[in-house]
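J.:
Protein chains: 2
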Amino acid sequence: MIDKLDYILALARERHFGRAAEACGVTQPTLSAGVKHLEEQMGVLLVNRGSRFQGFTPEGERVLDWARRIVGDTRSMREEINSLRHGLTGRLRIAAIPTALAMVAALTTPYRERHANVQFTIYSRTSIEILDLLETLEIDAGITYLENEPVGRVNAIPLYHERYRLLTSADAPLGNRDTVTWAEVAQVPLCLLTPDMQNRRIIDRLIKSAGGESRPTLESDSMILLFSHVRTGRWASVMPAKLAETLGLTDTLRAIPITEPEAVQTIGLVVPSREPMMPATAALVAEAKRLAPELDEI
Amino acid sequence: MIDKLDYILALARERHFGRAAEACGVTQPTLSAGVKHLEEQMGVLLVNRGSRFQGFTPEGERVLDWARRIVGDTRSMREEINSLRHGLTGRLRIAAIPTALAMVAALTTPYRERHANVQFTIYSRTSIEILDLLETLEIDAGITYLENEPVGRVNAIPLYHERYRLLTSADAPLGNRDTVTWAEVAQVPLCLLTPDMQNRRIIDRLIKSAGGESRPTLESDSMILLFSHVRTGRWASVMPAKLAETLGLTDTLRAIPITEPEAVQTIGLVVPSREPMMPATAALVAEAKRLAPELDEI
DNA sequence: TGGCTTGATAGATAAACTCTATCGACTTGG
DNA sequence: CCAAGTCGATAGAGTTTATCTATCAAGCCA
Numbered sequence: 012m013i014d015k016l017d018y019i020l021a022l023a024r025e026r027h028f029g030r031a032a033e034a035c036g037v038t039q040p041t042l043s044a045g046v047k048h049l050e051e052q053m054g055v056l057l058v059n060r061g062s063r064f065q066g067f068t069p070e071g072e073r074v075l076d077w078a079r080r081i082v083g084d085t086r087s088m089r090e091e092i093n094s095l096r097h098g099l100t101g102r103l104r105i106a107a108i109p110t111a112l113a114m115v116a117a118l119t120t121p122y123r124e125r126h127a128n129v130q131f132t133i134y135s136r137t138s139i140e141i142l143d144l145l146e147t148l149e150i151d152a153g154i155t156y157l158e159n160e161p162v163g164r165v166n167a168i169p170l171y172h173e174r175y176r177l178l179t180s181a182d183a184p185l186g187n188r189d190t191v192t193w194a195e196v197a198q199v200p201l202c203l204l205t206p207d208m209q210n211r212r213i214i215d216r217l218i219k220s221a222g223g224e225s226r227p228t229l230e231s232d233s234m235i236l237l238f239s240h241v242r243t244g245r246w247a248s249v250m251p252a253k254l255a256e257t258l259g260l261t262d263t264l265r266a267i268p269i270t271e272p273e274a275v276q277t278i279g280l281v282v283p284s285r286e287p288m289m290p291a292t293a294a295l296v297a298e299a300k301r302l303a304p305e306l307d308e309i
Numbered sequence: 012m013i014d015k016l017d018y019i020l021a022l023a024r025e026r027h028f029g030r031a032a033e034a035c036g037v038t039q040p041t042l043s044a045g046v047k048h049l050e051e052q053m054g055v056l057l058v059n060r061g062s063r064f065q066g067f068t069p070e071g072e073r074v075l076d077w078a079r080r081i082v083g084d085t086r087s088m089r090e091e092i093n094s095l096r097h098g099l100t101g102r103l104r105i106a107a108i109p110t111a112l113a114m115v116a117a118l119t120t121p122y123r124e125r126h127a128n129v130q131f132t133i134y135s136r137t138s139i140e141i142l143d144l145l146e147t148l149e150i151d152a153g154i155t156y157l158e159n160e161p162v163g164r165v166n167a168i169p170l171y172h173e174r175y176r177l178l179t180s181a182d183a184p185l186g187n188r189d190t191v192t193w194a195e196v197a198q199v200p201l202c203l204l205t206p207d208m209q210n211r212r213i214i215d216r217l218i219k220s221a222g223g224e225s226r227p228t229l230e231s232d233s234m235i236l237l238f239s240h241v242r243t244g245r246w247a248s249v250m251p252a253k254l255a256e257t258l259g260l261t262d263t264l265r266a267i268p269i270t271e272p273e274a275v276q277t278i279g280l281v282v283p284s285r286e287p288m289m290p291a292t293a294a295l296v297a298e299a300k301r302l303a304p305e306l307d308e309i
């Protein structure tokens, strides 16, 4: 029964019987039979088919919802019982927004001190994707903005505050300043994240509210790429202070506070709001709460 | 897998392999094998055995907790999918405190108008037992006091307010009064519920705070029994106004408001706090919310 | 000790599961 | 319009799992 529920979860992810079967470690006929069996048990078709996968029926969608919960709980149960005997083990799947990636180490490092047998998989995703992945339980935790855009049925633990800096070389325009305004930043050609990133949308909004217009000369979904451009001394960017510090400032590369307004975003850990949590996730939440007070000091 | 979890739930209820097997509709060896299989999967003993059932190990208790959730969700899923096609069906298990039993009909009657295919099982239990049954998901909803004693992880919907009356014959002492005080009530020989009932504890507290002492001449766990005694004209009791009205007042049998203080208890529907609820339970909550405003008018 | 209760075990049978191989419907590119 | 490819369903065989009946061994109580 639980296996079958797992089948349709894979099917929802892969949208393809063959690949879903592979993901479950069974052959395609086995998965097909499993789905069919589930449909017989429920007395209703769950999957629309017509010589290929065509999505789920409304009933199928509801079953999917329950299946995520039931399969997730089953997994949590195993992990909990296992952790009672061998301490925390398993793999923690975390997704973080690109601008927060540099801060993840602050969380994972002390965590690993305590729980050496837990492994991590960390994805770089947009804030919207993170909420989706949390909803479908494909990740155990996310690190993203806690404000601005609605978060769904999740628990949030504030981690630190993101403040913006103009990252530019010292000999570029504005490069000698102690602070700059958003109105001034709006005049500079920038490298920014792509507009599917909330960070970009926030910066666009700030520039716009300062009367400017955001027309970046270069866009990318990779902070590394943006930073490497700025590093040449010929480009500028706007990024969170902590990220700039982590990536490394030099004499010629400056991170200048941007004021008027001094924008502050709260970044936090978000986990699916289900009682009880997986032990490994609960430990991550504990670590986040322990860490939060000192993170803004760094 | 889910079957096996069901086995240990039955085992927890029955505390006996044979009876648990019977409750699950399988033979005892099948249930034994199922439990053993579960223990192998978890890699840890779940049940303490020594030629007979001796309770669960700590790990077993945790698995039980998860099993209630997982099995409950599975059941909820089936019910929901079924209700999408055939409307609400199934059986709603409700437990109510004795003093609220007369009010249950106010909830079940309009419910049944809307959902004719839902069947009811209604238990009379103490408020403490109701919370236990909710915790272990052995009932779908309870009707009990919302105040005084802590309710656990449940959602509560207020239904109505319980006000106390001295139920006595017109020609008995105090029988001609329009109101009486708790101090006066304390002087009268009473028939009351047994002390395991919260209603009794509340009345004891009220009598005590009025300087009296509660020494009922007759105790029972059945309101019917108390009422039938009062009906003879030779006994008196304290019971909620609504209950007295439901049981039927006559010229010679009076329900006299008790004042100083005028004690009011909130009675409400409580359901397990899990998202999402079973559709039949959700409909009961909806009915309760619909009904609550008018119940106090009756 | 002897009878009773309780849960584990053995062996037979039935049911369920999963695989390989193949089919038929549909899509796509030439 | 056809040939090749993709996708999911189906058939049939082999294996595994589940469940039953019958029986056993340990503990309990008189």
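Residue numbers (the numbering used here), protein chains in the order written: chain A, 12 to 309; chain B, 12 to 309.
Ideal placement from N, C-alpha and C gives every residue a C-beta, glycine not left out.
Quick caveat: nothing in here was measured; it's all calculated off a predicted structure.
1) Step through the CB atoms of chain A and report whether any lies within less than 8 Å of the CB of B:Thr85.
2) Does B:Ala111 pass the burial test, meaning 16 or more other C-beta atoms within 10 Å, or should it be called exposed?
3) Look at the alpha carbon of B:Val275 and the alpha carbon of B:Leu170, and state the distance between them as a whole number of angstroms.
4) Roughly how far, in whole angstroms, is the beta-carbon of B:Ile154 from the beta-carbon of B:Arg104, given that I think they are within contact range, below 8 Å?
5) Which first and last residues belong to the beta strand (DSSP E) in which A:Ser135 is found?
6) From the beta carbon of A:Arg80, is the nearest beta carbon of chain B less than 8 Å away?
7) Taking the alpha-carbon positions, what's the B:Tyr339 to B:Ile108 distance?
8) Do you know whose CA, among A:Ala266, A:Thr257, A:Leu75, A:Gln209, lies nearest A:Arg24's CA?
9) Could you spell out the range, first to last residue, of the alpha helix (DSSP H) harbouring A:Arg176?
10) Based on Cα-Cα distance, which residue from B:Ile13, B:Ala293, B:Phe64, B:Leu56 lies nearest to B:Arg30?
11) What's the call for B:Asp182, buried or exposed, on a 16-neighbour Cβ count within 10 Å?
12) For A:His27, which of helix, strand or coil comes out of DSSP?
13) Taking 8 Å as the CB-CB cut-off, is A:Lys15 touching chain B?
14) Among all the DSSP beta bridges, which residues are the ones paired with B:Met250?
15) Is A:Tyr18 a contact residue of the ligand NAP, with contact defined as CB to any heavy atom under 7 Å?
16) For the alpha helix (DSSP H) that A:Asn210 lies in, which residues bound it at each end?
17) Work out the CA separation of B:Pro283 and A:Phe131 for me, nearest whole Å.
18) How would you call B:Ala116, buried or exposed, if buried means at least 16 neighbouring beta carbons within 10 angstroms?
19) Using the Cα positions of A:Thr38 and A:Gly45, report the straight-line distance between them to the nearest angstrom.
20) Is there a Cβ from chain B that is less than 8 Å from the Cβ of A:Met289?
21) I'd like the list of long-range same chain contacts for B:Phe238, defined as Cβ closer than 6 Å, with 5 residues on each side in sequence excluded.
22) Thinking A:Ala152 and A:Thr292 are a contact (beta carbons under 8 Å), I'd like their distance in whole angstroms, please.
23) Determine the burial state of A:Glu50: buried for a count of at least 16 other Cβ atoms within 10 Å of its Cβ, exposed for fewer.
24) Taking Cβ-Cβ distances shorter than 7 Å, what residues in chain B pair up with A:Ile139?
25) I'd like to confirm the pairing. Which residues does DSSP put opposite B:Leu101 in its beta bridges?
26) Could you check whether the Cβ of A:Trp193 sits closer than 8 Å to any Cβ belonging to chain B?
27) Output needed in chain order: residues of the region 89-109 of chain B with a Cβ under 8 Å from some Cβ in chain A.
28) Just the Cα atoms here: how many angstroms apart are A:Ala127 and A:Leu118?
29) What first and last residue would you give for the beta strand (DSSP E) that runs through A:Pro283?
30) Cα-Cα, which of A:Arg226, A:Arg89, A:Ile269, A:Thr147 is closest to A:Pro251?
31) Could you have a look at A:Ser231 and say whether DSSP puts it in helix, strand or coil?
32) Contact check, A:Ile81 vs B:Thr85 under 8 Å by CB: the rounded distance?
33) Looking at the unbroken alpha helix (DSSP H) that takes in A:Ile139, where does it start and where does it end?
T.: The short version:
1) Interface flag for B:Thr85 against chain A is set, since a Cβ pair is found closer than 8 Å.
2) With 16 or more Cβ atoms within 10 Å of its Cβ, B:Ala111 is classed as buried.
3) For B:Val275 and B:Leu170, the distance between alpha carbons rounds to 13 Å.
4) About 12 Å; that fails the 8 Å criterion.
5) That run of the beta strand (DSSP E) goes 129-135.
6) Judged by the 8 Å Cβ criterion, A:Arg80 is in contact with chain B.
7) The shown model of chain B, from 12 to 309, leaves out residue 339 of chain B, and the question about it has no answer.
8) Per the C-alpha coordinates, the member of A:Ala266, A:Thr257, A:Leu75, A:Gln209 positioned closest to A:Arg24 is A:Leu75.
9) Residue range 165-180 is occupied by the beta strand (DSSP E) that includes A:Arg176, with no alpha helix (DSSP H) assigned at that position.
10) Closest by alpha carbon: B:Phe64.
11) Answer is exposed; the Cβ neighbour count stays below 16.
12) If DSSP states are grouped into helix, strand and coil, A:His27 belongs with coil.
13) Not an interface residue.
14) B:Met250 pairs with B:Arg176.
15) For the structure depicted, the ligand NAP is absent and the ligand set is empty, with no information on it obtainable.
16) Taken as a continuous stretch (DSSP letters only), the alpha helix (DSSP H) holding A:Asn210 covers 209-220.
17) The C-alpha of A:Phe131 lies about 34 Å from the C-alpha of B:Pro283.
18) Around the beta carbon of B:Ala116, fewer than 16 other beta carbons sit within 10 angstroms, so the residue counts as exposed.
19) Computed Cα separation, rounded: 11 Å.
20) Judged by the 8 Å Cβ criterion, A:Met289 is not in contact with chain B.
21) For B:Phe238, where only same-chain residues beyond five positions count, the Cβ hits under 6 Å are Leu258.
22) Between A:Ala152 and A:Thr292 the beta-carbon gap is near 6 Å, inside 8 Å, which marks them as a contact.
23) A:Glu50 should be labelled buried.
24) Chain-order list of chain B residues neighbouring A:Ile139: empty, with the shortest C-beta distance near 22 Å, by a criterion of under 7 Å.
25) Note on residue identity: the sequence assigns Gly, not Leu, to residue 101 of chain B. Partner(s): B:Val129.
26) No, no contact with chain B.
27) Result list: Arg89, Glu91, Ile92, Asn93, Leu95, Arg96.
28) Cα to Cα, the separation comes out at about 14 Å.
29) 275-283 is the span of the beta strand (DSSP E), which, as asked, contains A:Pro283.
30) A:Pro251 has its Cα closest to that of A:Ile269, out of A:Arg226, A:Arg89, A:Ile269, A:Thr147.
31) Three-state DSSP puts A:Ser231 in a strand.
32) With a Cβ gap of about 6 Å, A:Ile81 and B:Thr85 count as contacting.
33) If you look at A:Ile139, you'll find it in the alpha helix (DSSP H) that goes 138-146.
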